[in-house]
Amino acid sequence: MTVRSEEEVELLMRPALASLAVEGDRLSKKQKLLVKKCLTGEISHEEFVTRALELARHA
1 MTVRSEEEVE LLMRPALASL AVEGDRLSKK QKLLVKKCLT GEISHEEFVT
51 RALELARHA
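Read in UniProt numbering, the sequence shown has 4 at position 4, and its numbers run on one by one without any break.
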């Protein structure tokens with residue numbers, strides 16, 4: 001599992017968030033937090049997928 005700093009995560013997420021904005025979409029605070037947890041190594045990719053599916057079910 002790759003561990004990244006908060007600064008690295010922000011730099012990685014910026015283009016993706018901009019792309020979503022161009023398409024007229026955005027991530028909720030919960031979605032952003034989930035992505036950040038995965039990118040910093042706080043949770044595994046498998047845990048990310050499980051939690052993302054749970055968020056989608058309750059959206």
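Here a beta-carbon is modelled for each residue, glycine too, at the ideal position from N, C-alpha and C.
| Check | Outcome |
| --- | --- |
| Per-residue burial, residue 60 [other beta carbons within 10 Å of its own, 16 or more giving buried] | Since the first residue shown for the chain is 1 and the last is 59, residue 60 is missing from the structure and cannot be characterised. |
| E6 - DSSP class collapsed to helix/strand/coil | helix |
| Pairwise C-alpha distance: R14 and A56 | 22 Å |
| DSSP three-state assignment for S19, whether helix, strand or coil | helix |
| Where the alpha helix (DSSP H) containing A56 begins and where it ends | H45 to R57 |
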